[in-house]
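Residue numbers (the numbering used here): 1 to 376. Reviewing the structure listed below.
Right, here's the structure in full:
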């Protein structure tokens with residue numbers, strides 16, 4: 001008699017704050033530009049997320065906490081009644097399909113443009129994005145952002161807290177504070193974008209202050225057990241340069257740990273990196289790890305399963321996958337059974353709107369998952 005192979009830990013249940021997760025696979029937050037110009041989720045988003053409700057947790061795409069935080073056209077937001085109502089239709093559909101959702105809160109900072117938001121972007125220092133940015137009229141040169149005053153920083157912190165309350169009102173189990181990938185909170189952390197000389201710039205203790213204040217305010221608004229934080233140590237997207245990655249992140253993680261959030265989400269985590277091991281040792285609650293899978297190139301045939309298992313063995317608790325979930329509504333079942341995965345057909349469809357490359361990927365049964373509540 002041969003012994004059956006042990007089941008992967010990816011399919012074990014887990015606990016996250018108030019949530020019981022049926023598996024350890026997380027659908028990572030991914031901007032898809034399928035909202036209205038005013039940031040209201042469209043019916044196709046209801047279908048998209050409900051199709052993927054078998055994930056242990058869905059972290060919904062970045063939603064801006066204020067108008068000035070908008071990055072690109074047709075991204076979602078969570079600062080108006082209409083936006084809350086639109087997101088509520090999404091969460092109702094996901095809950096009806098048995099799923100669980102957090103919402104990522106993202107302020108773009110200097111990653112924005114007046115042609116998109118109608119406002120001058122803001123940042124810790126008046127240093128523009130060193131590349132063009134997509135606007136409704138196409139690619140434009142980035143503008144010099146307005147340097148936030150101390151009073152405006154306090155107002156931005158309050159915006160995050162209000163957005164978190166809105167997210168819970170919309171039916172989300174919690175929120176993920178986006179402090180990664182070159183957006184506003186990351187801009188305060190990084191030496192390349194933060195040239196301030198006041199209490200929010202300079203030494204490490206000053207540069208982490210804004211992020212800590214945001215997370216503290218969000219935790220006070222909805223409870224720390226409903227809060228996650230996303231970080232991306234060493235990532236250079238959106239022209240970001242940490243400058244002192246090995247110093248800033250241990251200090252940040254230690255300070256955040258005192259606030260007791262439900263999870264930390266580590267982008268492009270490498271189990272061989274000393275910093276990953278250091279952060280795992282510092283972080284007392286759930287660690288969500290997003291494996292390095294070569295953005296811009298083809299996904300591995302297993303969608304990241306092997307690297308996810310390696311991260312679990314190295315101390316991660318949950319594994320966040322992105323493109324594999326985009327192309328496979330039933331990703332959990334495919335990985336569980338060893339079935340082949342749909343490839344991402346066309347990266348050019350990721351950010352252009354419409355159903356193509358969004359809701360038309362087939363399940364193992366060979367047909368797209370039925371639409372859910374799209375008429376509401």
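Every residue, glycine too, gets a C-beta built ideally from N, C-alpha and C.
- Annotated three-state conformation of residue 133 is strand, per DSSP.
- Taking a cut-off of 8 Å on C-beta distances, the segment 228-244 touches the segment 254-274, as three or more cross pairs fall below it.
- When DSSP states are grouped into helix, strand and coil, residue 195 belongs to the coil group.
- Contact check between the segment 72-79 and the segment 117-130: fewer than three CB pairs, one atom from each, fall below 8 Å, which does not count as touching.
- Apart from sequence neighbours up to five positions away, the residues of its chain that approach residue 98 with a beta-carbon distance below 7 Å are 53, ordered along the chain.
- The Cβ atoms of residue 9 and residue 335 do not sit closer than 7 Å to each other.
- Looking only at 321, 45, 64, the smallest Cα-Cα distance to residue 89 is reached by 45.
- For residue 64, the uninterrupted beta strand (DSSP E) segment begins and ends at 57-64.
- Under the 8 Å Cβ criterion, the segment 62-76 does not count as touching the segment 10-20, having fewer than three qualifying pairs.
- In the structure shown, residue 103 falls within a strand segment according to DSSP collapsed to helix, strand and coil.
- By the neighbour-count definition (other C-beta atoms within 10 Å, threshold 16), residue 193 is a buried residue.
- Within the segment 122-189, the complete beta strand (DSSP E) segments of 3 residues or longer fall at 132-135, 138-141, 174-178, listed in chain order.
- Secondary-structure assignment with DSSP links residue 248 through no beta bridge to anything.
- For residue 86, the uninterrupted alpha helix (DSSP H) run begins and ends at 81-96, by DSSP.
- The way I'd put it, the segment 133-149 doesn't touch the segment 214-224; fewer than three beta-carbon pairs between them come closer than 8 Å.
- By the CB criterion at 7 Å, residue 344 and residue 327 fall inside the cutoff.
- Boundaries of the alpha helix (DSSP H) around residue 206: 204-207.
- DSSP places residue 28 in the coil class of the three-state scheme, outside both helix and strand.
- For residue 276, the enclosing alpha helix (DSSP H) stretches over residues 274-282.
- Sequence-distant partners of residue 12 (beyond 5 residues in either direction) whose C-beta falls short of 8 Å from its own C-beta, in its chain, are 23, 24.
- Counted as a single uninterrupted DSSP element, the beta strand (DSSP E) harbouring residue 230 occupies residues 227-231.
- Measuring C-alpha to C-alpha distances from residue 283 to each of 310, 35, 347, 315 identifies 315 as the nearest.
- The DSSP-derived three-state label of residue 238 is helix.
- When DSSP states are grouped into helix, strand and coil, residue 115 belongs to the helix group.
- In this structure, DSSP gives residue 222 a helical state, which the three-state scheme calls helix.
- For residue 49, the three-state secondary structure derived from DSSP is helix.
- Around the beta-carbon of residue 104, 16 or more other beta-carbon atoms lie within 10 Å, marking it buried.
- In the same chain as residue 32, and ignoring 5 residues on each side of it, the C-beta atoms closer than 7 Å to its own belong to 61, 350, 351, 358, in chain order.
- Inclusion of residue 94 and residue 318 in the CB contact set at 7 Å is not warranted, their separation being larger than that value.
- For residue 286, no alpha helix (DSSP H) segment is defined; the enclosing uninterrupted segment is the beta strand (DSSP E) at 286-291.
- Its chain contains 125, 126 as the residues whose beta carbon lies nearer than 6 Å to that of residue 147, once the 5 sequence neighbours on both sides are disregarded; these appear in chain order.
- Contact between the segment 29-43 and the segment 150-157 is absent: fewer than three C-beta pairs spanning the two stretches fall below 8 Å.
- With a beta-carbon spacing of about 7 Å, residue 241 and residue 191 fall inside the 8 Å limit used to define contacts.
- Each of 49, 219, 248 was checked against the Cα of residue 204, and the nearest Cα belongs to 248.
- Taking C-beta atoms under 8 Å as the contact rule, residue 116 and residue 132 fail to qualify, at a distance of about 13 Å.
- In the displayed model, residue 217 falls within a helix according to three-state DSSP.
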